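Engineer: Provided herewith is a single structure, encoded as C-alpha coordinates, for subsequent inquiry.
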(Lines of atoms letter the chains of each structure in order from A and count residues from 1; the text may use other names and numbers.)
(Lines give C-alpha, C1' and ligand atoms only; values in the text may rest on other atoms or scores of the structure.)
Protein backbone atom coordinates (compact mmCIF):
# COMPACT_ATOMS: atom_id res chain seq x y z
CA UNK A 1 0.00 0.00 0.00
CA UNK A 2 1.50 3.29 -1.09
CA UNK A 3 1.40 6.62 0.64
CA UNK A 4 -1.47 7.95 -1.49
CA UNK A 5 -3.51 4.79 -0.93
CA UNK A 6 -3.09 5.19 2.82
CA UNK A 7 -4.05 8.88 2.61
CA UNK A 8 -7.21 8.04 0.62
CA UNK A 9 -8.11 5.37 3.16
CA UNK A 10 -7.75 7.84 6.02
CA UNK A 11 -9.83 10.45 4.17
CA UNK A 12 -12.59 7.88 3.69
CA UNK A 13 -12.52 6.89 7.37
CA UNK A 14 -12.67 10.47 8.64
CA UNK A 15 -14.78 12.17 5.99
CA UNK A 16 -16.79 14.19 8.51
CA UNK A 17 -13.65 15.69 10.07
CA UNK A 18 -12.15 16.43 6.65
CA UNK A 19 -15.36 18.24 5.65
CA UNK A 20 -15.28 20.26 8.87
CA UNK A 21 -11.67 21.28 8.18
CA UNK A 22 -12.54 22.27 4.60
CA UNK A 23 -15.46 24.38 5.86
CA UNK A 24 -13.29 26.05 8.50
CA UNK A 25 -10.59 26.85 5.93
CA UNK A 26 -13.26 28.22 3.58
CA UNK A 27 -14.69 30.45 6.29
CA UNK A 28 -11.22 31.79 7.08
CA UNK A 29 -10.55 32.46 3.39
CA UNK A 30 -13.87 34.32 2.99
CA UNK A 31 -13.10 36.45 6.05
CA UNK A 32 -9.59 37.29 4.91
CA UNK A 33 -10.04 37.64 1.14
CA UNK A 34 -13.77 37.97 0.46
CA UNK A 35 -15.00 36.37 -2.78
CA UNK A 36 -17.58 34.30 -0.88
CA UNK A 37 -19.18 32.73 -3.95
CA UNK A 38 -15.85 31.51 -5.30
CA UNK A 39 -14.74 30.17 -1.93
CA UNK A 40 -18.06 28.36 -1.47
CA UNK A 41 -17.72 26.78 -4.89
CA UNK A 42 -14.15 25.66 -4.13
CA UNK A 43 -15.08 24.16 -0.75
CA UNK A 44 -18.05 22.35 -2.30
CA UNK A 45 -15.73 20.94 -4.96
CA UNK A 46 -13.19 19.83 -2.33
CA UNK A 47 -15.85 18.16 -0.17
CA UNK A 48 -17.09 16.26 -3.22
CA UNK A 49 -13.60 14.91 -3.89
CA UNK A 50 -12.92 13.57 -0.41
CA UNK A 51 -14.31 10.63 1.51
CA UNK A 52 -17.68 9.21 0.52
CA UNK A 53 -18.15 11.93 -2.10
CA UNK A 54 -15.02 10.90 -3.97
CA UNK A 55 -15.63 11.13 -7.70
CA UNK A 56 -12.02 10.97 -8.86
CA UNK A 57 -12.08 7.26 -9.69
CA UNK A 58 -11.49 6.69 -13.38
CA UNK A 59 -14.06 4.64 -15.32
CA UNK A 60 -12.89 1.32 -16.77
CA UNK A 61 -11.09 1.69 -20.12
CA UNK A 62 -13.49 2.19 -22.98
CA UNK A 63 -16.45 3.10 -20.77
CA UNK A 64 -17.68 6.65 -21.29
CA UNK A 65 -14.68 7.61 -23.39
CA UNK A 66 -14.55 8.75 -26.99
CA UNK A 67 -12.39 6.76 -29.41
CA UNK A 68 -8.94 8.22 -30.10
CA UNK A 69 -8.73 10.73 -32.98
CA UNK A 70 -7.28 9.65 -36.32
CA UNK A 71 -3.53 10.19 -36.70
CA UNK A 72 -2.64 13.83 -37.34
CA UNK A 73 -5.83 15.27 -35.81
CA UNK A 74 -6.15 16.99 -32.45
CA UNK A 75 -8.18 15.19 -29.79
CA UNK A 76 -11.60 16.62 -28.93
CA UNK A 77 -11.84 18.89 -25.88
CA UNK A 78 -12.81 17.20 -22.59
CA UNK A 79 -16.52 17.20 -21.71
CA UNK A 80 -17.78 20.07 -19.55
CA UNK A 81 -19.05 19.15 -16.08
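Numbering (the numbering used here), first residue to last: 779 to 859. Heads up, the beta-carbon is just placed ideally off N, CA and C, and yes, glycines get one too. For clarity, every value in this text was computed on a predicted model and none was experimentally measured.
Which word fits residue 780, buried or exposed, when buried means at least 16 other C-beta atoms lie within 10 angstroms of its C-beta?
Structural biologist: The residue you call residue 780 lines up with position 2 of the chain shown. Classification for residue 780: exposed.
Engineer: Can you tell me whether DSSP reads residue 852 as helix, strand or coil?
Structural biologist: For the purposes of this step, residue 852 is taken as the residue at position 74 of the chain shown. Three-state DSSP puts residue 852 in coil, outside helix and strand.
Engineer: Contact between the stretch 814-828 and the stretch 789-799 is defined here as three or more beta-carbon pairs at a separation below 8 Å; is this criterion met?
Structural biologist: In short, these stretches touch, since the Cβ pair count reaches three.
Engineer: Provide the residue span of the alpha helix (DSSP H) that contains residue 814, from first to last.
Structural biologist: Reading the chain shown from its first residue, position 36 is the one you call residue 814. Residues 814-826.
Engineer: Can you give me the C-alpha to C-alpha distance between residue 783 and residue 849, rounded to a whole angstrom?
Structural biologist: Indexing the chain shown from 1 puts residue 783 at position 5. Indexing the chain shown from 1 puts residue 849 at position 71. When rounded, the distance between both Cα atoms is 36 Å.
Engineer: Find out if the Cβ-Cβ distance for the pair residue 817, residue 824 is shorter than 8 Å.
Structural biologist: For the purposes of this step, residue 817 is taken as the residue at position 39 of the chain shown. For the purposes of this step, residue 824 is taken as the residue at position 46 of the chain shown. Cβ distance not < 8 Å, so residue 817 and residue 824 don't count as in contact.
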